[in-house]
Amino acid sequence: MTAFSFDEHPHRRYNPLTDSWVLVSPHRTKRPWQGQVEKNAADNRPTYDPTCYLCPTNKRANGDTNPDYADVYAFDNDFAALLVDEVAHTEGGNVSPNALFQVKHERGLSRVICFSPRHDVTLPEMTTEQIRKVVDLWCAEYATLGAKDFINYVQIFENKGAIMGCSNPHPHGQIWAQASIPDEPFKKQQAQIRYFEQNGRTLLSDYLTAELEKEERIVIKNEHFVALVPFWAVWPFEAMIVPLRAMARITDMTDAEKTAYANVLRQLTIRYDNLFETSFPYSAGIHQAPTDGKEHTAWHWHHSFYPPLLRSATVKKFMVGYEMLANPQRDITPEQAARRLREVTGEHYKR
Ligand code: H2U
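Quick note: to get our numbering, add 237 to the position in the sequence shown (first position is 1).
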């Protein structure tokens with residue numbers, strides 16, 4: 238019998254953060270592709286677009302006018318998915334007591350975060366100092382939203398690129414803050430609590446120690462942060478930015494850590510853009526401790542990136558068939574993906 242090889246043989250990998258599995262089929266990378274090819278989005282935007290609802294001084298859909306902001310700007314989403322209004326409901330928040338038709342009213346609010354007044358840039362084309370302002374705004378929003386008594390969880394995220402459903406190329410992200418803890422962070426919370434209770438250290442501290450020893454999945458690192466392709470990555474070039482120091486929330490960062498985080502964000506997204514010389518699309522977001530007033534020592538916050546591109550600027554990975562019905566599957570291994578991201582230059586291709 239042939240000996241097992243990570244690069245040749247189909248295998249399953251376990252994600253200890255979400256208690257789930259991914260099927261890895263490395264032998265399949267040779268398969269020809271005659272399926273859908275996405276259009277490479279045009280990338281020649283002006284610095285200011287008079288029709289953009291996020292550019293400074295422009296009117297938004299609800300009639301409000303954006304200020305002439307100089308760096309970052311946050312406002313309440315005019316089409317918010319969550320509303321602050323209180324609604325009368327039964328004890329425990331259940332609107333319907335029927336176990337098979339459960340309904341819970343959800344209070345919350347949604348914010349839009351502009352990363353830059355310039356219409357023509359994205360995070361990798363901004364300086365570390367400029368990205369640091371985004372980091373500071375995320376921290377301020379997390380603190381302000383989290384301080385509200387009806388907000389127990391704050392989800393910071395970014396959809397980048399039309400392929401990810403992003404409605405406007407102006408650099409921006411969103412924040413949805415709500416009363417409940419949504420499923421993904423809740424799963425991660427349960428796993429981290431279990432691990433911390435058994436080991437007295439955060440799951441990601443031990444994971445980072447092992448990854449830094451092996452090095453094969455590390456993309457970049459600096460004094461305070463590591464960006465790596467996780468062992469259990471589902472998307473072809475999925476990555477995770479993790480602080481070396483175990484911290485429950487982004488507001489726990491020191492000044493130096495905030496700058497180091499901005500720096501690693503810049504470096505990772507530059508490598509993403511350089512991979513296929515395109516503005517690399519993704520959905521990314523920060524998973525961190527709930528804002529329910531508890532300490533959450535088991536939480537180790539991190540920033541996850543889920544990019545859909547697979548083999549070029551125009552061929553993406555589809556999460557269909559087996560992925561929808563069984564569990565996620567990938568062809569290129571996380572180690573191969575990390576190596577490719579390491580090998581591209583750290584200087585943005587447009588420079
Ligand atoms: P996305 O590109 O990720 O969809 O985020 C843009 C958000 O901006 C989206 O949620 C909001 C949309 O509701 N928006 C406004 O708040 N005001 C506007 O004038 C247009 C879009």
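Quick reminder that beta carbons are idealized off the backbone N, C-alpha and C, glycines included.
Backbone secondary structure at residue i - three-state DSSP
i    : result
S257 : strand
D313 : strand
A399 : helix
R265 : helix
T488 : helix
K554 : coil
Q566 : strand
K531 : coil
T202 : What the structure shows of the chain is the stretch from 238 to 588, and residue 202 is not part of that stretch, so it cannot be assessed.
K296 : strand
Buried/exposed call for residue i, threshold 16 Cβ in 10 Å
i    : result
R268 : exposed
V463 : buried
P527 : buried
T294 : exposed
M238 : exposed
E362 : buried
T359 : buried
V456 : buried
E450 : exposed
Span of the beta strand (DSSP E), counted from its first residue to its last, around residue i
i    : result
P480 : A476 to P480
Y285 : Premise fails: Y285 is in no beta strand (DSSP E) and is neither H nor E.
A574 : No beta strand (DSSP E) holds A574; the alpha helix (DSSP H) holding it covers P571 to E580.
G522 : Y519 to H524
Y543 : H539 to Y543
A414 : H409 to Q415
H248 : H248 to N252
K458 : I455 to K458
Continuous alpha helix (DSSP H) stretch holding residue i: start and end
i    : result
N511 : D492 to F513
D420 : D420 to N436
L465 : No alpha helix (DSSP H) contains L465, which is instead part of the beta strand (DSSP E) from F462 to L465.
G558 : G558 to L562
Y444 : L440 to K451
Which runs of the beta strand (DSSP E), 3 residues or longer, sit entirely within the stretch 318–394? As far as the stretch 318–394 is concerned, its whole beta strand (DSSP E) runs of at least 3 residues are 331–333 and 345–351.
Is it a yes or a no for the stretch 505–518 touching the stretch 526–537, going by three-plus beta-carbon pairs under 8 Å? No: the two stretches stay apart, fewer than three of their Cβ pairs being nearer than 8 Å.
Assess, as a yes-or-no matter, whether the stretch 477–488 is touched by the stretch 365–383 under the definition of 3 or more beta carbon pairs within less than 8 Å. yes
Taking 8 Å as the cut-off, does the stretch 494–502 touch the stretch 361–375 (at least 3 CB pairs, one atom from each stretch)? yes
Taking one C-beta from the stretch 389–399 and one from the stretch 409–423 each time, how about it: are there three or more such pairs within less than 8 Å? Judged by pairs of C-beta atoms under 8 Å, the stretch 389–399 touches the stretch 409–423, as three or more such pairs exist.
Is it a yes or a no for the stretch 338–347 touching the stretch 308–320, going by three-plus beta-carbon pairs under 8 Å? yes
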